[in-house]
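Novice: The structure that follows is given in the form of C-alpha cells.
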Amino acid sequence: MFLLMPATSVYFEWLSAQRIYSPFRLTRHGHTGEILRSSLGGACVPCRDWGGELNMAPLFVNTPSDGRPRCVELMASPSVVLLCSTRWEVQNGVAVRGQGVADGKRIGALELAKLVESVPPRAVGSLMGKLAGSFAVLDAREPGVVRLVSDMVSSMPVYYTLDGSRLTVSDDSVALAQETGCLSEIDSQASLAMLLAGFTLGTSTICRRVHCLQAAECVVLTCKGSYWASTQDDLFSWEWRPDGGHTDDYWFSAWSEVLNDEFEDIITELDGRTAVIPLSGGHDSTLILLMLKRLGYEKVVAFSYGRRGNQDSTVSERVAAALRVPWFFVEYGTETWRQFLSSRDYNNYATWAGGLRSIAHVGDFVAVRELASGGRIDAGSVLIPGHTMDLVSGGHIPLQWQERLMTGSGSVTADDIAQITFERHMGLWNRRFAIATLHQTGLQVAEANDLFEQLQEELCPAGGVVDVVEACSVVDAFDWRNRQGKFIANSVRVYDWFGFDWLLPYWDRRIIDFWLRVPPELRLNRRLQKNVTFQIGADLGIDLHQLGLPSVASLARNMSGLRLRQIGRVVPGVRLILDVERKRRCIARDPLGAFEGWPDARERRLLWQNSPSPTINSLASLHASRLLQNGGKA
C-alpha cells in the first residue's frame with residue numbers, strides 16, 4: 001500500500017495477519033518505485049518518485065521499519081492522510097488526483113493542483129464544482145481546516161473518520177478502518193442497505209465511524225480544539241429544468257454538438273494511446289465507439305466477455321466488425337467463476353474495491369485480467385466504459401409516471417416517491433431474509449420499515465405532494481448520489497486494480513447540464529439518445545438496428561408490462577407465476593453465467609428462494625456482508 005512517504009522509505013508489504021487484504025505492494029528500487037500487482041504476477045505500473053522534503057501540513061505519514069503508519073501531530077491534534085494510490089499529485093498542502101476541463105482545455109492532476117493553489121482555500125469547493133472531469137481534491141492549506149472535494153460521481157473515492165481530536169482521511173476505506181481500529185464497528189442499518197441494494201445510503205459506510213465523500217460534494221473538516229467537526233456542501237443540484245421552447249431537430253443537433261465537444265477533449269486526453277472500449281452491445285458503449293470513429297481516432301479496440309453466444313457479446317462483435325475495430329472475447333464458463341470466486345484474488349479485490357460503501361463489480365475482472373496478461377491490452381491503454389448514459393438520458397423514469405409526463409399533468413406524493421425508490425433499489429433480497437441474515441452475524445437490525453422511513457426523510461423531508469417532473473428529479477438524484485456514485489461508476493476500480501487509466505465521458509458536467517434541460521418527451525424511452533446513436537451509425541454506413549441494437553420502445557408496450565405487474569400484486573396466482581418466470585428469465589438470460597458458477601451451492605439455493613430478481617449482485621452482496629463482518633475472511 002502506498003502512503004505519502006519520504007524518499008528514504010523502505011520495502012513493506014501489507015500481508016501481515018493484521019491486514020486483511022493486499023491489493024499490491026510497494027518496493028523501492030533506487031530512484032524509481034514500482035507497484036507490483038499480485039494478481040498479474042509481476043506486471044507493473046510506474047510510480048512517482050517522492051524525493052526531497054515533503055512540506056504538506058497534514059499530508060504526511062511516517063512509515064518506520066515495521067511498516068505500520070504513524071500519525072504525526074498537526075495543529076495540536078493527531079491527524080493523518082493515507083493516500084494509497086500512486087496517482088496523487090501532492091504539493092504545498094494540496095493533493096489532487098485525476099483530470100479536469102478548465103477554460104475548454106483538459107488538464108492533468110499536476111495542473112489541477114496548481115489551479116487549486118491559485119484560489120483561496122474557501123473558494124476551492126466553488127472552483128471544483130464548476131469543472132468537468134474525474135478528480136478528487138484534498139486541501140489542507142488553511143490552518144485547522146481540511147477540505148475534501150469530489151467530482152460529479154465520486155469516481156475517485158475519499159473517506160474520513162472523526163474521532164474526538166483525531167482526524168484521519170484516506171482514499172482506501174479498509175486501510176482507514178484498520179488504522180483507526182474501527183473495522184469491527186459495524187453499522188447495522190448501513191449493512192442492511194448494502195444487502196438489499198448493494199450500496200449504503202448517504203455518507204455512511206458499513207463501518208460506523210468511516211464516512212465517504214458523496215458525488216459532487218465538498219466536505220469541510222474543521223478543528224475545534226478538542227474535536228473535529230464536519231459540514232457538507234452540495235456542489236451540484238440534480239434538478240430537471242426542461243426547456244420546451246425548441247424543436248426536436250434543435251435537440252438532435254445540440255446533442256450532436258455536445259458529443260463532438262466531449263469526444264474531441266477525450267481524443268486530446270488519449271494523446272495517441274489505445275482506447276479500449278468494454279462493448280456491451282448496448283447503446284451507450286456503442287456510442288463511444290461511434291464517436292471515436294466519427295472523429296477519426298483509429299487506435300481503438302473493443303472487447304466483450306461472458307457465456308459464448310450470449311446476446312450482448314453477439315451484438316458487440318457485429319458492431320465492432322461493422323466499424324472495422326479489433327474485437328476480443330473472453331469466454332466465461334462454470335469453471336471460470338468457480339476458480340475466480342474461490343481465489344484470494346477475489347477476496348482481496350472485493351474487500352478493497354467495495355470501499356465499505358458498495359459491493360464490488362466483478363463482471364469484467366477476469367476479462368481485463370486475461371486481456372492484460374495476454375498482451376492484448378498494452379500497459380498504456382485507456383479504458384472507456386459507457387457508464388451511465390442510461391440514467392441521464394431518461395432510462396430510469398418510473399413506468400408509473402410516464403403517462404403523466406406525456407400529458408404534463410398529475411402529482412406525486414412523498415410516499416409514492418419513497419415506495420418507488422425502495423422497490424427499485426432495495427430488491428437484491430427479500431427484506432425478511434436480509435434481516436435474518438444480519439441477525440445471524442450478531443447485528444441487531446431494525447425492521448426494513450426504518451430504512452423506508454429513512455428514505456422518506458431524505459427524499460422528501462417536507463412531505464406533501466409534488467409535480468411529476470420534480471418527483472423524477474428526486475428519484476434520479478437519489479440514484480445519482482447513491483447507486484451511480486457508489487456502485488456503478490465504482491466499476492472502474494477493476495481498471496485501477498490492474499493499473500490502467502480510464503475515462504467516464506458520460507459523467508462530464510457538460511453532458512449532465514445538457515440532459516437536465518431536455519424535455520421529458522425526448523427522455524422517455526431514451527428517445528433522443530437512441531435516435532441520435534442510430535443516426536451517427538447511419539452516417540458511418542451501418543444499420544445498428546439490423547446489427548441487433550434495440551430501437552425505441554413504445555409507451556403502450558411499457559404500460560402493458562406495468563399493468564400486468566399491477567395485476568400480479570392483487571391476484572396471488574398471477575403473482576406467483578410472474579415471480580417464477582422473472583427468476584427463471586434472470587438466470588437464463590444472464591450473459592455472464594455466474595449463477596451456475598457460483599461455488600457455494602447453498603447460496604445458489606438461497607438466491608432462488610429469497611431474491612426477487614436473482615443476479616450476481618445479489619450473491620455478491622451476500623458474500624460482501626459475510627466477508628466484511630468476519631474480519632475480511634471468506
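Heads up: the sequence shown at position 539 corresponds to 539 in my numbering, and the numbers run straight through without jumps.
For each residue, glycine too, the CB sits at the ideal point set by N, CA and C.
1. Are there 16 or more other CB atoms within 10 angstroms of the CB of H396, so buried, or fewer, so exposed?
2. Which whole runs of the alpha helix (DSSP H) in the stretch 300-376 are 4 residues long or more, in chain order?
3. Pop quiz: C218 and R147 are said to be a contact at Cβ under 8 Å. What is the actual Cβ separation, rounded to whole angstroms?
4. Can you give me the start and stop residues for the beta strand (DSSP E) that K293 sits inside?
5. Taking contact to mean at least 3 C-beta pairs separated by less than 8 Å, is the stretch 441-461 in contact with the stretch 186-203?
6. Within 10 Å of its beta-carbon, does R523 have 16 or more other beta-carbons around it, so buried, or fewer, so exposed?
7. Identify every residue that forms a DSSP beta bridge with K530.
8. Cα separation between G67 and G129?
9. Please list the terminal residues of the continuous alpha helix (DSSP H) segment that includes G125.
10. Return the chain-ordered list of same chain residues with a C-beta closer than 6 Å to the C-beta of R141, the five sequence neighbours on each side being excluded.
11. Are there 16 or more other CB atoms within 10 angstroms of the CB of G410, so buried, or fewer, so exposed?
12. Using 8 Å as the Cβ pair cut-off and three pairs as the minimum, do the stretch 344-354 and the stretch 302-320 touch?
13. Is Q99 helix, strand or coil when you go by DSSP?
14. Using only the alpha-carbon positions, how far apart do E581 and N610 sit?
15. I'd like to know whether the C-beta of S118 is nearer than 9 Å to at least one C-beta of chain D.
16. Rounded to a whole number of angstroms, what is the C-alpha to C-alpha distance between Q546 and A322?
17. Around the C-beta of H439, are 16 or more other C-beta atoms found within 10 angstroms, so that it is buried, or is it exposed?
18. Buried or exposed, going by whether 16 or more other CB atoms sit within 10 Å of the CB of L301?
19. Between which two residues does the beta strand (DSSP E) carrying W228 extend?
20. So for I397, helix, strand or coil by DSSP?
21. Leaving out the 5 sequence neighbours to the left and right, which residues in its chain are closer than 6 Å to V330 when beta-carbon positions are compared?
22. In the DSSP assignment, find the unbroken beta strand (DSSP E) run with T441 in it and report its ends.
23. Would you kindly work out how many angstroms separate the C-alpha atoms of V382 and F500, rounded to a whole number?
24. For L235 and V475, I'd like the C-alpha separation in whole angstroms.
25. Nearest-angstrom Cα distance between G593 and G386?
Specialist: Quick answer:
1. buried
2. 311-322, 334-341, 344-353 and 365-373
3. 6 Å
4. Run containing K293: none in the beta strand (DSSP E); it sits in the alpha helix (DSSP H), H283 to R294.
5. yes
6. buried
7. None; K530 has no bridge partner.
8. Because the pLDDT of G67 is 38, which lies under 50, any placement of that residue in the model is unreliable, and the number read from its coordinates should be weighed accordingly. Distance between the alpha carbons of G67 and G129: 37 Å.
9. V124 to G129
10. G93 and P121
11. exposed
12. no
13. strand
14. 14 Å
15. This model lacks chain D altogether; it includes just one protein chain.
16. 11 Å
17. exposed
18. Note that residue 301 is Val in the sequence shown, not Leu. Buried, because 16 or more other Cβ atoms sit within 10 Å of the Cβ of V301.
19. W228 to D234
20. coil
21. Y305, A367 and E370
22. Careful: T441 lies outside any beta strand (DSSP E) and carries neither H nor E.
23. 6 Å
24. 18 Å
25. 22 Å
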